[in-house]
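Enquirer:
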Amino acid sequence: MVEILNSIERNPLKTRQEVQEALRQLVRPLKPLYELGGSRLPIKGSSAGYGEKLAGMEGFSRILWGIVPDLAGGGTKELWADCLQGILNGTDPEHDQYWGEVGDYDQRLVEMAVLGLALCLIPEIIWEPLNERERQHLYRWLNQMNSHPCHDCNWLFFNVMVNMGFYKIGEPYDKEQMERNLWRIEEFDLGGGWYSDGIGGHGDYYVPFAMHYYGLVYAKLMEQEDPERCSRFKQRALEFAADFIHWFSPDGSAIAYGRSMTYRFAQAAFWSALAYAGAYNEIFTPGVVKGLVLRNLRWWFSKPIFDAGGILTVGYAYPNLIMAENYNSPGSPYWALKTFLILAIGEKELFWKQEEQELPNLPALSVQPEPHLVLCREEETGHVTAFNTGHLSTNEHTHTSAKYEKFAYSSVFGFSVPRAEWGLGQSATDSMLGLSERDNLYRVRRKNEETWIQGHVLYARWLPWRDVEVRTWILAGLPWHIRIHRIVTAHPLDAAEGGFALGIQDPPAVEEGDKQVTARNSIGCSAVYGLVGYSSAVAVYPNADTNLLHPRTILPTLTAILEPGTHLLISAVYGQAGEAEMPELAEALEALGVRIGDGKAAVTLANGEILNIS
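To convert a position in the sequence shown, counted from 1, into the working numbering, add 1149.
#1: Which residues in the same chain as R1408 place their Cβ atom closer than 7 Å to its Cβ, once the five residues preceding and following it in sequence are excluded?
#2: Return helix, strand or coil for D1301, following the three-state DSSP convention.
#3: Using only alpha-carbon positions, find the residue among P1181, K1749, F1500, Q1725 that is nearest to I1491.
#4: Indicate whether I1672 and A1688 have their beta-carbon atoms separated by less than 7 Å.
#5: DSSP puts A1658 in a beta bridge; with which residues?
#6: Please report the straight-line C-alpha distance between V1561 and I1404, rounded to a whole angstrom.
#7: Quick check: the stretch 1355–1372 against the stretch 1523–1532, are at least 3 beta-carbon pairs closer than 8 Å?
#8: For P1641 and G1714, I'd like the C-alpha separation in whole angstroms.
#9: Going by alpha carbons, who is nearest to E1184 out of L1175, T1225, A1230, S1195?
#10: Alpha carbon to alpha carbon, how far is E1496 from H1286? Give it in angstroms, no decimals.
#11: In terms of residue numbering, what span does the beta strand (DSSP E) encompassing K1749 cover?
#12: Between G1349 and the rest of its own chain, which residues show a CB-CB distance below 6 Å, the 5 nearest in sequence each way excluded?
#13: Can you grab the Cα-Cα spacing for the pair Y1591 / S1195, in whole Å?
#14: What's the call for L1707, buried or exposed, on a 16-neighbour Cβ count within 10 Å?
#15: For C1232, which beta-bridge partners are listed by DSSP?
#16: Is the stretch 1685–1700 touching the stretch 1655–1663, taking contact as three or more C-beta pairs under 8 Å?
#17: What are the residues that DSSP puts in a beta bridge with N1455?
#18: Taking all protein chains shown into account, decide if G1215 is buried (16 or more other Cβ within 10 angstroms of its Cβ) or exposed.
#19: Hey, could you find the ends of the beta strand (DSSP E) A1609 is sitting in?
#20: Kindly give me the distance between the Cβ atoms of G1682 and L1718, rounded to whole angstroms, as I take these residues to be in contact under 8 Å.
#21: Tell me where the alpha helix (DSSP H) around Y1553 begins and ends.
#22: Ends of the beta strand (DSSP E) at H1244?
#23: With C-beta atoms as the reference, is W1343 less than 7 Å away from E1519?
#24: On the DSSP letters alone, give me the boundaries of the beta strand (DSSP E) that Y1558 sits inside.
#25: Assign N1477 to one of two classes, buried (16 or more other C-beta atoms within 10 Å of its C-beta) or exposed (fewer than that).
#26: Can you give me the start and stop residues for the alpha helix (DSSP H) that S1576 sits inside?
#27: How big is the Cα-Cα spacing for A1726 and Q1575?
#28: To which residues of the same chain is S1296 closer than 8 Å at the C-beta, ignoring the five residues directly before and after it?
#29: Look up G1352 in the DSSP assignment and say whether it is helix, strand or coil.
#30: From which residue to which residue does the beta strand (DSSP E) around N1330 run?
#31: Kindly list the residues whose CB is nearer than 8 Å to the CB of M1731, restricted to its own chain and excluding five residues on each side of it in sequence; keep chain order.
#32: Rounding to the nearest angstrom, what Cα-Cα distance links I1745 and D1255 in this structure?
#33: Where I1623 and E1570 are concerned, what is the direct C-alpha to C-alpha distance, given to the nearest angstrom?
#34: Under DSSP, the beta strand (DSSP E) around R1635 begins and ends at which residues?
Have a look at this one:
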């Protein structure tokens, strides 16, 4: 199996045939599990909240996101006999491997969507060969979709996908429900090409790899029947693309942000769907889109994301259950195969005929108000960081604060999640302000009372306790950025301000001063400088496996002791990829438009207005 891992890492991913081979390299290790499981893939390992049987069905269905487009594009039927037999067993209520009856908000509703796609793309393989009894079983099982509600978010598209499949094979479908869902999805439109994942939901990777992905599939397959909506989906996707491209580095990596990071190269699935729908323009040419997809795949295949048997693990840049959601089963990561939608594009089409192109010239600053982010990039190093106001709402997903409320998310340093609640080593408060009631338990931001963005300045007001108010200003920039906190507290607190977490596979050189810490190695340099209000600085070594990119890290951290009253904390935070020389802090303060004097700060906003903070 080591041979399989080495071969996918060596796959140059230049041609359509090499991408097809990459898909086979991903699914071949699963062959014995098909033989064992039939309608399920019993991948051993951790569990999800919905149990092992349903997790096995999830794994089975998610492989189809790659296999179905491959077959639609004339690929081999290497695993199709196993897949089809599993579908027939899983939809037969008299078979011992029946997938079961569906309930409201059931995980099975999620996994039905790819079968709807299969009915659209490969009816001659999945539908036409079936006898009448087999067709009745498949139709009846999928039609349960129309009798049960889905969550009011990207899940609404699952109903659309199934009913679109019924329509394409000429079977009865719930046109009214499909139309209601499509109009409800329109209500999630935030403008600028962005959706929220449900009303008040977060703007994260579910926008590209779910909302836009299904919308673009619909735009391709229903263009004749619903031209106005399909045109709108395509135009909205191109608007979104103008922002989303800023999330990617020249080496193919992208910013880790939000939940469901174990879906890994689904990060690039949006670009595959854009190409599949033929939604190009003068900037997003077939060559540019192709480069975004293929570089992302190459980056991922260079990481240790497989187990010894060649099976994708739960985790991000390495196996990691600490960062996972309650709905991440051992088969969940195979949603990453959605990126292989490009295999449904014929080899004579422009996507495959044009040469792969690098990223176009992008500005150093991209203000994206819909997801509450300001993205900065350094052309020389390829480092990309998203600075974040945070959100006015929250959710109950695992590690929500770490995934949605940090001040910065970096393509080089990643982000960390807490391993436990005791002290700075377990809480791993990178790019966050942690506050403790002098009990060594650190509370961080979970949601905000108000936020705004003006140019490179981000503002948020948040209440870690009812009698503690924090007003935060972030002056976005690379490699330096400035953080300012005005804290009003009714009781004594300890404060800890974490910089970027630096991976220490390569031992770092560490410099500790009175109110500054610098750590550097071949990955880069992370540093914090206390400018106002901090009493000391320390190099924290967070617990292993807290960071998504690096199993072990060092975290430069500033600390302060706060008595009841009003306090001002100002820090300069440095994060640089590679071994570049650190520029002067004074130059950074001037470039970022901040002046500090007498324990106060004045910040220059984008419109030239001076904001005095005291």
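C-beta: ideal position from N, C-alpha, C; glycine also.
Expert: Walking through what the data contain:
#1: For R1408, where only same-chain residues beyond five positions count, the Cβ hits under 7 Å are D1353, E1474, H1546, K1552.
#2: Of the three classes helix, strand and coil, the one that applies to D1301 here is coil, per DSSP.
#3: That would be F1500, whose Cα lies nearest to the Cα of I1491.
#4: In this structure, A1688 does not lie closer than 7 Å to I1672 by Cβ.
#5: Answer is R1669, bridged to A1658.
#6: Going from the Cα of V1561 to the Cα of I1404 covers about 8 Å.
#7: No, the stretch 1523–1532 is not in contact with the stretch 1355–1372.
#8: Our two residues, P1641 and G1714, have alpha carbons roughly 9 Å apart in a direct line.
#9: Each of L1175, T1225, A1230, S1195 was checked against the Cα of E1184, and the nearest Cα belongs to A1230.
#10: Roughly 35 Å between the two C-alpha positions.
#11: That run of the beta strand (DSSP E) goes 1749–1753.
#12: Once the five neighbours on either side are set aside, the close Cβ partners of G1349 are S1542.
#13: Distance between the alpha carbons of Y1591 and S1195: 29 Å.
#14: Buried, by the Cβ-count rule.
#15: C1232 is not bridged by DSSP to any residue.
#16: Here the stretch 1685–1700 makes contact with the stretch 1655–1663; the two share three or more CB pairs at distances below 8 Å.
#17: Position check: residue 1455 holds Phe in this sequence, whereas Asn was assumed. BP columns for F1455 point to L1461.
#18: In the assembly as shown, G1215 is a buried residue. Its beta-carbon has 16 or more other beta-carbons within 10 Å.
#19: Where A1609 is concerned, the enclosing beta strand (DSSP E) stretches over 1606–1614.
#20: Between G1682 and L1718, the beta carbon gap of about 4 Å places them in contact (Cβ cut-off 8 Å).
#21: The continuous alpha helix (DSSP H) containing Y1553 extends over residues 1549–1553.
#22: From DSSP, H1244 is part of no beta strand (DSSP E); its letter is neither H nor E.
#23: Contact flag set, yes.
#24: Taken as a continuous stretch (DSSP letters only), the beta strand (DSSP E) holding Y1558 covers 1557–1559.
#25: Buried, since its Cβ has 16 or more Cβ neighbours within 10 Å.
#26: Unbroken alpha helix (DSSP H) run through S1576: 1572–1576.
#27: So the alpha carbons of these two residues sit roughly 25 Å apart.
#28: Within the same chain, S1296 has close Cβ partners V1251.
#29: Looking at G1352 - three-state DSSP - the assignment turns out to be coil, as it is neither helix nor strand.
#30: Counting along the chain, N1330 falls outside any beta strand (DSSP E), though it belongs to the alpha helix (DSSP H) covering 1324–1335.
#31: If you ignore the 5 residues before and after M1731, its C-beta comes within less than 8 Å of the C-beta of P1628, T1667, C1674, A1676, Y1723, Q1725, all in its own chain and listed in chain order.
#32: Going by C-alpha positions, I1745 is about 55 Å away from D1255.
#33: Each residue's Cα considered, the two are about 26 Å apart.
#34: Bounds of the beta strand (DSSP E) holding R1635 are 1629–1638.
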